[in-house]
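Basically the working numbering = 1-based index in the sequence shown + 493. Encoded as structure tokens, the structure appears first; notes follow it.
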Amino acid sequence: MTVPLSGARAARVFLCFAFGYLLSYALRAVNAVIAPALVAEMHLSNADLGLLSSAYFVSFGAMQLPLGVWLDKYGARRTEASLLLCAAVGAAVFASSASLAGLWIGRALIGIGVSACLMAAFKAYRQWFPLERQSQLASWMLVAGTSGALTATVPVTLALPALGWRGIFWVVAALLLLVAGAIFFLLREVERQYQDGAGAARGGGAPAADGGYRRIFGSAYFWRMGVPGLLNHGIFFALQTLWAGPWMMTVLGKSAQQTGRILFAFNLVLLLSYLALGWAAPRLVARGWNTHRIIGIGIGGMVLAQAAMLATSAPSAWLLWLLLAACVPVTTLVQSHVALAFPAALAGRANSAYNLQLFIGAFATQWGFGVAVDLFKAHGAPAADAFRATLAIAVLLQAGALAFFLLNRAQAGKARP
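Here's what the structure looks like:
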């Protein structure tokens, strides 16, 4: 029988996948910091900026359903290493483009290339690590991802004057090639061990009788969790990765340097909140708290924090973004419960289906937010008021998703797989 990974080999596996996810998250968030430089050099409107940033999400989301099949068929190592090469090409295209179309293509290639960074890690961990370590590894991956978001704030702000946004993307292209090589070559021995031993086998896809994606998308429970993923989690991603920066400068009057520091604090609170929830959630459940109650409270806090942002532009209003960050980690409970609600053979596809909802929401919001801001400004609204009106629409949509989640308990419970 194959012995589960431990020690230096386990650390090597985790670090390879974690660094890939760190870069993925940094690329997801970096436009919030480089947006002013992009707008100034490329003469972009808010709608252009939203469309450009959303290219990452639409391409990432489009990959989720085939990705689940590829991971089962070819394994995590080859799938992620191959896709990261595409991301490196995308970063190079982005760095060298002189038009909005070229930037969009580069951003889309990046989204395709990093689409496996989290799902491939989960696939590998499920095969190569004992079951009791799965939740711990998942929490550490989220910490790695949030570290990427931190990297995309103050460090990128400090590097911009020296490298420019083009130079930053050339550096990222090189790092993506490095990680692709590390995953492909350094993890080959580990993968071979688990293919040759009793502990793992290539494949593991659901048999046809299990229904695959048809069963997932036909589940009322999936949609109970998927609607908050689409709206609450998706809108948060769009705010975090793009519109938080322009909000700080346009609505709160912060400078680019102040915005970089605020976004750093925002992502640091998010990282610490992930760690805190990983510690607190199982203890609350052990004391009789229902996980869906924890999710409802957290999403309610997200909605209230954003609603409060509409009411003030005081110098201290940026603290409300820290409150939002403290509530967001409950969305990880949503995703984990989606996977647990289906048989193990469908867990990868269930995660990919949920990710699809999330990235559809993020794409629509990144683009739609910019379109709405420009539309309000075209009708005479000052820039700050245009931002507030657009966020108000987003808050209403999130409140509706929360109501859907809370009011569909009985139906979803009966239909849960």
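Positions of the beta carbon are idealized from the N, C-alpha and C atoms, including for glycine.
| Check | Outcome |
| --- | --- |
| In the structure shown, what three-state DSSP assignment does P648 receive? | helix |
| State buried or exposed for S766, treating a residue as buried only when at least 16 other CB atoms are found within 10 Å of its CB. | buried |
| Cβ of S806 within 8 Å of Cβ of L732? | no |
| Exposed or buried, what is E573 when buried is set at 16 or more other beta-carbons lying within 10 Å of its beta-carbon? | buried |
| Nearest-angstrom Cα distance between R902 and G793? | 16 Å |
| Within 10 Å of its beta-carbon, does L900 have 16 or more other beta-carbons around it, so buried, or fewer, so exposed? | exposed |
| Keeping to the same chain, check which residues put their C-beta closer than 6 Å to that of A673; ignore five residues upstream and five downstream. | A574, L577 and L578 |
| Taking the alpha helix (DSSP H) that G583 falls in, what are its first and last residues? | A569 to S589 |
| Do you know offhand how far S547's Cα is from A528's? | 13 Å |
| Grab me the residues of I676's own chain with a C-beta within less than 8 Å of its C-beta, minus the 5 sequence neighbours each way, in chain order. | C509, F510, G513, R570, E573, A574 and L577 |
| Per DSSP, what kind of secondary structure is K747 in: helix, strand or coil? | coil |
| Candidates Q859, W860, K616 and Q799: which alpha carbon is nearest R881's? | Q799 |
| Counting along the chain, where does the alpha helix (DSSP H) carrying C820 start and finish? | L812 to C820 |
| Secondary structure at N760, three-state DSSP: helix, strand or coil? | helix |
| Considering only C-alpha positions, which residue in the set F615, Y518, L671 and F550 is nearest to D565? | F615 |
| Assuming L516 and L531 make a contact with CB atoms under 8 Å, what is their CB distance in whole Å? | Actually they do not touch by this definition, with Cβ atoms about 19 Å apart. |
| Work out the CA separation of T743 and A877 for me, nearest whole Å. | 6 Å |
| Grouping DSSP H, G and I as helix and E and B as strand, with all else coil, what is A896? | helix |
| Under the three-state reduction of DSSP, which class applies to V607: helix, strand or coil? | coil |
| Please report the Cβ distance between F587 and F852, rounded to the nearest whole angstrom; I am assuming they are in contact, meaning their Cβ atoms lie under 8 Å. | Wrong, their Cβ atoms sit about 19 Å apart, outside the cutoff. |
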